[in-house]
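Just so you know, we're using this note's numbering here: the sequence shown kicks off at 50 and counts up by one. Positions of the beta carbon are idealized from the N, C-alpha and C atoms, including for glycine.
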Amino acid sequence: MTRTVLLLSIGLTGLACDGKDDNTAPDDGSTDSAEDTDGTDGTDGTDEADEADEADEADDTGDTGDTGDTGDTGDTGGTAADACNLLTEEIDGGADGTVDSRKTYTYDADGNLLTLEVDSDADGTVDQRLTRTYNGDGNLLTEETDSDGDGTVDQRSTYTYDGEGNWITWEVDSDADGTVDQRYTFTYDTNGNQLVVEYDGDNDGTVDYRKTSTYDADGNVLTEAYDYDADGTVDQRYTFTYDTNGNRLTQAYDYDADGTVDSRDTNTYDADGNLLTRESDGDADGSVDQRSTYTYDADGNLLTTETDDDVDGTADRRSTYTYDADGNLLTEEYDADADGTVDQRYAFTYDTNGNRLTAEVDTDGDGTVDWLYTYTYDC
(Lines of atoms letter the chains of each structure in order from A and count residues from 1; the text may use other names and numbers.)
(Lines give C-alpha, C1' and ligand atoms only; values in the text may rest on other atoms or scores of the structure.)
Protein backbone atom coordinates (compact mmCIF):
# COMPACT_ATOMS: atom_id res chain seq x y z
CA MET A 1 0.00 0.00 0.00
CA THR A 2 1.24 3.48 -0.83
CA ARG A 3 1.94 5.43 2.34
CA THR A 4 0.11 8.69 1.84
CA VAL A 5 2.49 10.84 3.83
CA LEU A 6 5.73 9.38 2.48
CA LEU A 7 7.07 12.65 1.12
CA LEU A 8 5.78 14.52 4.13
CA SER A 9 7.57 12.13 6.46
CA ILE A 10 10.77 12.44 4.45
CA GLY A 11 10.62 16.20 4.48
CA LEU A 12 9.10 17.25 7.76
CA THR A 13 10.34 14.81 10.34
CA GLY A 14 14.05 14.20 10.71
CA LEU A 15 15.87 16.37 13.20
CA ALA A 16 13.58 18.89 14.81
CA CYS A 17 14.18 22.56 14.26
CA ASP A 18 13.86 23.94 17.75
CA GLY A 19 15.19 22.79 21.05
CA LYS A 20 12.02 22.19 22.97
CA ASP A 21 10.41 19.16 21.45
CA ASP A 22 11.74 15.65 21.08
CA ASN A 23 13.51 14.63 24.26
CA THR A 24 10.60 14.23 26.63
CA ALA A 25 9.91 10.99 28.40
CA PRO A 26 7.92 9.07 25.78
CA ASP A 27 4.28 8.12 25.98
CA ASP A 28 4.97 4.69 24.50
CA GLY A 29 7.74 3.66 26.87
CA SER A 30 10.54 3.92 24.33
CA THR A 31 13.40 6.38 24.59
CA ASP A 32 13.24 9.08 21.95
CA SER A 33 16.45 9.98 20.18
CA ALA A 34 17.11 13.31 18.58
CA GLU A 35 15.84 11.87 15.32
CA ASP A 36 12.07 11.51 15.06
CA THR A 37 10.65 8.04 14.58
CA ASP A 38 7.38 6.91 13.06
CA GLY A 39 5.13 5.37 15.69
CA THR A 40 1.76 3.84 15.10
CA ASP A 41 -0.88 2.42 17.36
CA GLY A 42 -1.87 -1.20 16.96
CA THR A 43 0.45 -4.19 16.90
CA ASP A 44 -0.79 -6.38 14.08
CA GLY A 45 1.67 -5.03 11.54
CA THR A 46 -0.74 -5.01 8.61
CA ASP A 47 -0.50 -2.21 6.07
CA GLU A 48 -4.16 -1.38 6.53
CA ALA A 49 -3.90 -1.07 10.27
CA ASP A 50 -0.69 0.91 10.09
CA GLU A 51 -2.16 3.31 7.55
CA ALA A 52 -5.35 3.75 9.54
CA ASP A 53 -3.43 4.22 12.75
CA GLU A 54 -1.40 6.88 11.01
CA ALA A 55 -4.64 8.58 10.12
CA ASP A 56 -5.83 8.23 13.69
CA GLU A 57 -2.80 10.09 14.95
CA ALA A 58 -4.24 13.03 12.98
CA ASP A 59 -0.76 14.41 12.35
CA ASP A 60 -1.01 18.15 11.76
CA THR A 61 -3.93 18.20 9.35
CA GLY A 62 -6.52 19.54 11.76
CA ASP A 63 -8.09 19.31 15.17
CA THR A 64 -9.14 15.74 15.84
CA GLY A 65 -9.95 16.00 19.51
CA ASP A 66 -8.13 15.07 22.68
CA THR A 67 -6.87 11.51 22.54
CA GLY A 68 -5.93 11.33 26.19
CA ASP A 69 -2.21 11.96 26.50
CA THR A 70 -0.45 10.76 29.62
CA GLY A 71 0.10 14.23 30.98
CA ASP A 72 3.25 16.29 31.28
CA THR A 73 6.26 14.01 30.97
CA GLY A 74 8.93 16.65 31.21
CA ASP A 75 8.93 20.05 29.56
CA THR A 76 12.15 20.48 27.61
CA GLY A 77 11.85 24.23 27.65
CA GLY A 78 13.06 26.36 24.77
CA THR A 79 12.21 29.78 23.45
CA ALA A 80 9.37 30.83 21.20
CA ALA A 81 10.77 29.35 17.99
CA ASP A 82 7.27 28.54 16.73
CA ALA A 83 7.02 32.11 15.37
CA CYS A 84 9.86 31.38 12.92
CA ASN A 85 9.36 29.25 9.84
CA LEU A 86 11.98 26.79 8.68
CA LEU A 87 13.16 27.79 5.18
CA THR A 88 15.92 25.33 4.34
CA GLU A 89 17.45 22.15 5.69
CA GLU A 90 20.78 20.98 4.30
CA ILE A 91 22.22 17.56 5.03
CA ASP A 92 25.94 16.86 4.86
CA GLY A 93 26.13 13.09 5.00
CA GLY A 94 29.81 12.78 5.77
CA ALA A 95 30.24 16.13 7.55
CA ASP A 96 32.90 16.85 4.92
CA GLY A 97 31.63 20.30 3.99
CA THR A 98 29.64 19.14 0.96
CA VAL A 99 25.85 19.38 1.03
CA ASP A 100 24.36 16.05 -0.05
CA SER A 101 20.68 16.93 0.02
CA ARG A 102 18.55 20.02 0.54
CA LYS A 103 14.94 20.72 1.51
CA THR A 104 13.23 24.05 0.90
CA TYR A 105 9.98 25.21 2.53
CA THR A 106 7.50 28.00 1.76
CA TYR A 107 4.55 29.21 3.86
CA ASP A 108 1.49 31.40 3.67
CA ALA A 109 1.04 34.54 5.78
CA ASP A 110 -0.31 32.43 8.67
CA GLY A 111 2.71 30.16 8.75
CA ASN A 112 1.02 27.17 7.10
CA LEU A 113 3.33 25.07 4.97
CA LEU A 114 2.59 25.62 1.26
CA THR A 115 5.40 23.76 -0.47
CA LEU A 116 8.21 21.42 0.40
CA GLU A 117 10.81 20.75 -2.28
CA VAL A 118 13.40 18.01 -1.88
CA ASP A 119 16.67 18.13 -3.81
CA SER A 120 17.89 14.68 -2.90
CA ASP A 121 21.42 15.11 -4.28
CA ALA A 122 21.79 18.90 -3.91
CA ASP A 123 22.39 19.38 -7.63
CA GLY A 124 19.89 22.24 -7.87
CA THR A 125 17.11 20.09 -9.33
CA VAL A 126 13.89 19.42 -7.40
CA ASP A 127 13.40 15.66 -7.07
CA GLN A 128 10.23 15.64 -4.96
CA ARG A 129 7.62 18.29 -4.26
CA LEU A 130 4.77 18.52 -1.77
CA THR A 131 2.08 21.20 -2.22
CA ARG A 132 -0.67 22.06 0.27
CA THR A 133 -3.78 24.25 0.37
CA TYR A 134 -5.84 25.35 3.39
CA ASN A 135 -9.22 26.80 4.24
CA GLY A 136 -9.74 30.10 6.04
CA ASP A 137 -9.37 28.41 9.43
CA GLY A 138 -5.96 27.03 8.55
CA ASN A 139 -7.17 23.45 8.16
CA LEU A 140 -5.41 21.44 5.46
CA LEU A 141 -7.67 20.91 2.41
CA THR A 142 -5.44 19.29 -0.19
CA GLU A 143 -2.00 17.76 -0.32
CA GLU A 144 -0.39 16.91 -3.64
CA THR A 145 2.80 14.93 -4.11
CA ASP A 146 5.05 15.11 -7.16
CA SER A 147 7.28 12.15 -6.39
CA ASP A 148 9.88 12.78 -9.10
CA GLY A 149 9.76 16.57 -9.49
CA ASP A 150 8.59 16.48 -13.10
CA GLY A 151 5.71 18.88 -12.47
CA THR A 152 3.04 16.16 -12.58
CA VAL A 153 1.03 15.34 -9.46
CA ASP A 154 1.45 11.65 -8.61
CA GLN A 155 -0.75 11.46 -5.52
CA ARG A 156 -3.43 13.68 -4.04
CA SER A 157 -5.11 13.73 -0.63
CA THR A 158 -8.25 15.72 0.21
CA TYR A 159 -9.47 16.56 3.71
CA THR A 160 -12.79 17.78 5.10
CA TYR A 161 -13.82 19.08 8.54
CA ASP A 162 -16.94 19.62 10.58
CA GLY A 163 -18.08 22.98 11.92
CA GLU A 164 -15.84 22.61 14.97
CA GLY A 165 -12.75 22.06 12.85
CA ASN A 166 -12.56 18.35 13.57
CA TRP A 167 -11.09 16.30 10.73
CA ILE A 168 -13.89 14.06 9.39
CA THR A 169 -12.67 12.62 6.05
CA TRP A 170 -9.42 11.90 4.30
CA GLU A 171 -9.61 10.75 0.68
CA VAL A 172 -6.52 9.45 -1.10
CA ASP A 173 -6.14 9.44 -4.87
CA SER A 174 -3.05 7.24 -5.04
CA ASP A 175 -2.20 7.98 -8.68
CA ALA A 176 -3.89 11.39 -9.03
CA ASP A 177 -6.19 10.16 -11.79
CA GLY A 178 -9.27 11.77 -10.24
CA THR A 179 -10.54 8.57 -8.60
CA VAL A 180 -10.48 8.14 -4.82
CA ASP A 181 -8.61 4.93 -3.96
CA GLN A 182 -8.69 5.00 -0.16
CA ARG A 183 -10.96 6.72 2.31
CA TYR A 184 -10.80 7.44 6.03
CA THR A 185 -13.66 8.76 8.14
CA PHE A 186 -13.57 10.10 11.70
CA THR A 187 -16.41 10.72 14.15
CA TYR A 188 -16.40 12.66 17.43
CA ASP A 189 -18.44 13.26 20.54
CA THR A 190 -19.71 16.72 21.48
CA ASN A 191 -16.43 17.43 23.29
CA GLY A 192 -14.37 16.82 20.18
CA ASN A 193 -13.00 13.48 21.34
CA GLN A 194 -12.38 11.12 18.44
CA LEU A 195 -14.74 8.15 18.82
CA VAL A 196 -14.36 6.14 15.62
CA VAL A 197 -11.77 5.84 12.87
CA GLU A 198 -12.82 3.85 9.79
CA TYR A 199 -10.68 2.95 6.81
CA ASP A 200 -11.94 1.82 3.40
CA GLY A 201 -8.84 0.49 1.68
CA ASP A 202 -10.23 0.42 -1.86
CA ASN A 203 -13.06 2.97 -1.56
CA ASP A 204 -15.69 0.40 -2.43
CA GLY A 205 -17.98 1.61 0.35
CA THR A 206 -17.04 -1.23 2.69
CA VAL A 207 -15.09 -0.47 5.85
CA ASP A 208 -11.92 -2.57 6.11
CA TYR A 209 -10.65 -1.36 9.49
CA ARG A 210 -12.25 0.26 12.51
CA LYS A 211 -10.93 1.70 15.74
CA THR A 212 -13.30 2.75 18.53
CA SER A 213 -12.36 4.81 21.59
CA THR A 214 -14.08 5.80 24.83
CA TYR A 215 -13.21 8.67 27.18
CA ASP A 216 -13.74 9.85 30.73
CA ALA A 217 -15.31 13.19 31.62
CA ASP A 218 -11.91 14.90 31.35
CA GLY A 219 -11.30 13.70 27.81
CA ASN A 220 -8.75 11.03 28.74
CA VAL A 221 -9.00 7.96 26.53
CA LEU A 222 -10.18 4.95 28.57
CA THR A 223 -10.38 2.22 25.96
CA GLU A 224 -9.27 1.61 22.39
CA ALA A 225 -10.79 -1.29 20.48
CA TYR A 226 -9.30 -2.40 17.16
CA ASP A 227 -11.32 -4.33 14.59
CA TYR A 228 -8.70 -4.96 11.93
CA ASP A 229 -11.06 -6.42 9.33
CA ALA A 230 -14.18 -4.49 10.37
CA ASP A 231 -16.20 -7.68 10.77
CA GLY A 232 -17.75 -6.48 14.01
CA THR A 233 -15.40 -8.48 16.22
CA VAL A 234 -12.80 -6.66 18.29
CA ASP A 235 -9.32 -8.06 17.62
CA GLN A 236 -7.34 -6.05 20.17
CA ARG A 237 -8.33 -3.91 23.13
CA TYR A 238 -6.30 -1.43 25.17
CA THR A 239 -7.43 -0.04 28.53
CA PHE A 240 -6.03 2.99 30.36
CA THR A 241 -6.37 4.48 33.85
CA TYR A 242 -5.37 7.93 35.15
CA ASP A 243 -4.72 9.83 38.34
CA THR A 244 -6.68 12.94 39.30
CA ASN A 245 -4.23 15.10 37.34
CA GLY A 246 -4.86 13.21 34.12
CA ASN A 247 -1.53 11.39 34.14
CA ARG A 248 -1.81 7.89 32.70
CA LEU A 249 -1.19 5.33 35.44
CA THR A 250 -1.71 2.04 33.64
CA GLN A 251 -1.89 0.73 30.10
CA ALA A 252 -3.32 -2.77 29.74
CA TYR A 253 -3.14 -4.64 26.44
CA ASP A 254 -5.43 -7.48 25.44
CA TYR A 255 -3.88 -8.51 22.14
CA ASP A 256 -6.53 -11.04 21.13
CA ALA A 257 -9.51 -9.37 22.83
CA ASP A 258 -10.36 -12.49 24.80
CA GLY A 259 -10.90 -10.52 27.99
CA THR A 260 -7.52 -11.43 29.46
CA VAL A 261 -4.81 -8.80 29.79
CA ASP A 262 -1.66 -9.94 27.98
CA SER A 263 0.71 -7.17 29.03
CA ARG A 264 0.58 -4.13 31.30
CA ASP A 265 2.57 -0.93 31.80
CA THR A 266 2.46 1.04 35.05
CA ASN A 267 3.66 4.64 35.40
CA THR A 268 4.56 6.88 38.32
CA TYR A 269 4.98 10.67 38.32
CA ASP A 270 6.46 13.41 40.44
CA ALA A 271 4.43 16.31 41.86
CA ASP A 272 4.88 18.25 38.61
CA GLY A 273 3.47 15.45 36.50
CA ASN A 274 6.82 14.35 35.07
CA LEU A 275 7.05 10.64 34.34
CA LEU A 276 9.43 9.03 36.85
CA THR A 277 9.12 5.30 36.20
CA ARG A 278 7.51 2.96 33.73
CA GLU A 279 7.29 -0.70 34.66
CA SER A 280 6.34 -3.22 31.98
CA ASP A 281 4.84 -6.60 32.79
CA GLY A 282 5.22 -8.25 29.42
CA ASP A 283 3.01 -11.25 30.15
CA ALA A 284 0.74 -9.71 32.81
CA ASP A 285 1.75 -12.30 35.39
CA GLY A 286 2.24 -9.70 38.10
CA SER A 287 6.03 -9.57 37.76
CA VAL A 288 7.83 -6.55 36.33
CA ASP A 289 9.90 -7.55 33.28
CA GLN A 290 11.34 -4.15 32.34
CA ARG A 291 11.75 -0.85 34.17
CA SER A 292 12.54 2.59 32.78
CA THR A 293 13.41 5.52 35.04
CA TYR A 294 13.55 9.23 34.21
CA THR A 295 15.18 12.18 35.99
CA TYR A 296 14.69 15.92 35.46
CA ASP A 297 16.26 19.22 36.36
CA ALA A 298 14.46 21.93 38.35
CA ASP A 299 12.88 23.27 35.16
CA GLY A 300 11.40 19.92 34.24
CA ASN A 301 13.89 19.17 31.47
CA LEU A 302 14.58 15.47 31.02
CA LEU A 303 18.16 14.70 32.15
CA THR A 304 18.46 10.92 32.04
CA THR A 305 16.55 7.90 30.86
CA GLU A 306 17.63 4.47 32.05
CA THR A 307 16.14 1.13 31.06
CA ASP A 308 16.64 -2.05 33.07
CA ASP A 309 15.64 -4.78 30.62
CA ASP A 310 15.65 -7.67 33.10
CA VAL A 311 14.84 -5.79 36.34
CA ASP A 312 18.04 -6.90 38.05
CA GLY A 313 18.68 -3.40 39.36
CA THR A 314 21.31 -2.62 36.72
CA ALA A 315 20.64 -0.24 33.85
CA ASP A 316 21.06 -1.82 30.42
CA ARG A 317 20.61 1.36 28.34
CA ARG A 318 21.04 5.01 29.20
CA SER A 319 20.38 8.37 27.51
CA THR A 320 21.72 11.63 28.94
CA TYR A 321 20.63 15.17 27.97
CA THR A 322 22.06 18.66 28.54
CA TYR A 323 20.48 22.09 27.94
CA ASP A 324 21.40 25.73 27.63
CA ALA A 325 20.04 28.44 29.94
CA ASP A 326 16.93 28.79 27.76
CA GLY A 327 16.09 25.11 28.02
CA ASN A 328 17.16 24.23 24.47
CA LEU A 329 18.54 20.73 24.08
CA LEU A 330 22.33 20.93 23.55
CA THR A 331 23.43 17.30 23.63
CA GLU A 332 21.97 13.85 23.76
CA GLU A 333 24.25 10.91 24.47
CA TYR A 334 23.13 7.32 24.12
CA ASP A 335 24.92 4.50 25.94
CA ALA A 336 23.53 1.35 24.32
CA ASP A 337 24.67 -1.03 27.06
CA ALA A 338 25.07 1.43 29.97
CA ASP A 339 28.76 0.61 30.32
CA GLY A 340 29.76 4.27 30.57
CA THR A 341 30.82 4.56 26.93
CA VAL A 342 28.83 6.83 24.63
CA ASP A 343 27.67 4.91 21.55
CA GLN A 344 25.80 7.73 19.80
CA ARG A 345 25.92 11.46 20.30
CA TYR A 346 23.82 14.38 19.05
CA ALA A 347 24.80 18.03 19.49
CA PHE A 348 22.74 21.13 18.62
CA THR A 349 23.24 24.88 18.26
CA TYR A 350 20.63 27.66 18.21
CA ASP A 351 20.14 31.29 17.30
CA THR A 352 18.87 33.91 19.75
CA ASN A 353 15.26 33.04 18.84
CA GLY A 354 15.75 29.44 19.91
CA ASN A 355 15.73 28.14 16.33
CA ARG A 356 17.94 25.12 15.85
CA LEU A 357 20.79 26.10 13.49
CA THR A 358 22.82 22.91 13.37
CA ALA A 359 22.55 19.31 14.42
CA GLU A 360 25.62 17.09 14.56
CA VAL A 361 25.26 13.33 14.67
CA ASP A 362 28.07 11.05 15.82
CA THR A 363 26.61 7.66 14.95
CA ASP A 364 29.20 5.54 16.77
CA GLY A 365 30.34 7.85 19.56
CA ASP A 366 33.94 8.03 18.34
CA GLY A 367 34.04 11.82 18.55
CA THR A 368 33.76 12.33 14.79
CA VAL A 369 30.68 13.99 13.33
CA ASP A 370 29.11 11.68 10.75
CA TRP A 371 26.07 13.76 9.78
CA LEU A 372 25.64 17.51 9.83
CA TYR A 373 22.23 19.17 9.49
CA THR A 374 22.03 22.93 8.90
CA TYR A 375 18.84 25.02 9.08
CA THR A 376 17.78 28.53 8.07
CA TYR A 377 14.63 30.45 9.06
CA ASP A 378 12.67 33.55 8.13
CA CYS A 379 13.42 35.24 11.45
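- prompt: On the three-state DSSP scale, how would you describe Ala132?
  reply: DSSP places Ala132 in helix when its eight states are reduced to three.
query: Can you tell me the Cα-Cα spacing of Glu213 and Ala387, whole angstroms?
result: If you take the alpha carbons of Glu213 and Ala387, they lie about 48 Å apart.
message: Are the CB atoms of Gly160 and Val175 within a distance shorter than 8 Å?
response: A distance of 8 Å or more separates the beta carbons of Val175 and Gly160.
- prompt: In or out: Cys133 buried (at least 16 other Cβ within 10 Å) or exposed?
  reply: By the Cβ-count criterion, Cys133 is buried, with 16 or more other Cβ atoms from all chains shown falling within 10 Å of its own Cβ.
- prompt: So, Asn425 versus Leu136, is the Cβ gap smaller than 8 Å?
  reply: The sequence given here has Thr at residue 425, not Asn. It is a contact, given that the beta carbons lie within the stated cut-off.
task: Return the chain-ordered list of same chain residues with a C-beta closer than 8 Å to the C-beta of Asn184, the five sequence neighbours on each side being excluded.
output: Within the same chain, Asn184 has close Cβ partners Leu190 and Tyr210.
- request: Measure the CB-CB distance between Tyr343 and Asn377 and report whether it falls below 8 Å.
  value: No, these two residues do not count as a Cβ contact at 8 Å.
query: Can Arg232 and Thr218 be called in contact, C-beta distance under 8 Å?
result: If you check the CB distance, Arg232 and Thr218 come in under 8 Å.
field: Which residues DSSP lists as bridging Tyr275, in chain order
entry: Paired residues: Lys260 and Gln285.
task: Note down the Cα distance separating Gly308 from Ala144, rounded to an integer number of angstroms.
output: So the alpha carbons of these two residues sit roughly 53 Å apart.
task: Could you spell out where the beta strand (DSSP E) holding Ser312 opens and where it closes?
output: Annotation for Ser312: the continuous beta strand (DSSP E) segment containing it runs Ser312 to Tyr318.
query: Would you say Asn269 and Leu298 are within 8 Å of each other, going by their C-beta atoms?
result: Not closer than 8 Å, so no.
message: For Gly403, count the other beta carbons within 10 Å of its own beta carbon; 16 or more makes it buried, fewer makes it exposed. Which is it?
response: Per the 10 Å Cβ criterion, buried.
query: Among Thr326, Thr423, Asp332 and Tyr372, which has the Cα closest to the Cα of Ala347?
result: Looking only at Thr326, Thr423, Asp332 and Tyr372, the smallest Cα-Cα distance to Ala347 is reached by Tyr372.
query: Does the beta-carbon of Leu351 have 16 or more other beta-carbons within 10 angstroms, so that it is buried, or is it exposed?
result: Buried, since its Cβ has 16 or more Cβ neighbours within 10 Å.
- request: Please state whether DSSP places Ala408 in a helix, a strand or coil.
  value: In the structure shown, the three-state DSSP call for Ala408 is strand.
- prompt: Could you give the distance in angstroms between the alpha-carbon of Gly63 and the alpha-carbon of Thr326?
  reply: Reliability fails at Gly63, whose pLDDT of 41 lies under 50, so the model's placement of it is uncertain and the value that follows must be treated cautiously. Whole-angstrom Cα-Cα distance: 27 Å.
message: Tell me which residues share the same chain as Asp203 and place their Cβ nearer than 8 Å to its Cβ, disregarding the 5 neighbours each side in the sequence.
response: The beta carbon of Asp203 lies closer than 8 Å to those of Thr194, Asp195, Ser196, Asp197, Asp224 and Ala225 in the same chain, with the five residues before and after it left out.
Runs of beta strand (DSSP E) wholly within the segment 149-213 (minimum 3 residues, chain order): Segments of the beta strand (DSSP E) lying fully in the segment 149-213: 150-156, 162-168, 177-183, 189-195 and 204-210.
query: Residues in its own chain within less than 8 Å of Asp384 by CB, not counting five upstream and five downstream?
result: Beyond the five residues adjoining it in sequence on each side, Asp384 comes within less than 8 Å, by CB distance, of Arg366, Arg367, Ser368, Thr369, Thr390, Val391 and Asp392 in the same chain, given in chain order.
Pairwise C-alpha distance: Asp172 and Asp149: In this structure, the alpha-carbon of Asp149 lies about 9 Å from that of Asp172.
task: Take Asp168 and list the residues in its own chain whose beta-carbon comes closer than 8 Å to its own, dropping the five residues that flank it on each side.
output: In its chain, beyond the 5 residues on either side, Ser150, Arg151, Lys152, Thr153, Thr174, Val175 and Asp176 have a beta carbon closer than 8 Å to the beta carbon of Asp168.
- request: Report all residues from its chain with a CB closer than 6 Å to the CB of Ser79; omit the five preceding and five following residues, and keep chain order.
  value: Below a pLDDT of 50, predicted positions are generally treated as unreliable, and Ser79, at 38, falls in that range; no measurement from the model is reported.
message: For Val283, tell me which candidate among Thr290, Phe289 and Tyr275 has the shortest Cα-Cα distance.
response: Residue nearest to Val283 within the set Thr290, Phe289 and Tyr275 is Tyr275 (criterion: CA-CA distance).
message: Using the three-state DSSP reduction, which class does Thr89 fall into: helix, strand or coil?
response: In this predicted model, Thr89 has a pLDDT of only 30, less than 50, meaning its place in the structure is not dependable enough to derive any value.
field: Inter-residue Cα distance where the pair is Thr201 and Asp222
entry: When rounded, the distance between both Cα atoms is 14 Å.
- prompt: Whole-angstrom Cβ separation of Gln285 and Tyr304, contact assumed at under 8 Å?
  reply: Indeed, because the Cβ distance is near 5 Å, the residues count as touching under 8 Å.
task: Can you grab the Cα-Cα spacing for the pair Thr147 / Asp319, in whole Å?
output: For the pair Thr147 and Asp319, the Cα-to-Cα distance works out to about 46 Å.
task: Could you spell out the range, first to last residue, of the beta strand (DSSP E) harbouring Ala144?
output: First-last for Ala144: undefined, no H or E at that position.
task: State buried or exposed for Val410, treating a residue as buried only when at least 16 other CB atoms are found within 10 Å of its CB.
output: Val410 sits buried, since 16 or more C-beta atoms from the chains shown fall within 10 Å of its C-beta.
Where Ser223 falls: helix, strand or coil (DSSP): In the displayed model, Ser223 falls within coil according to three-state DSSP, outside both helix and strand.
- prompt: In three-state terms, what does DSSP make of Ala374?
  reply: In the structure shown, Ala374 sits in coil (DSSP, three-state: anything other than H, G, I, E or B).
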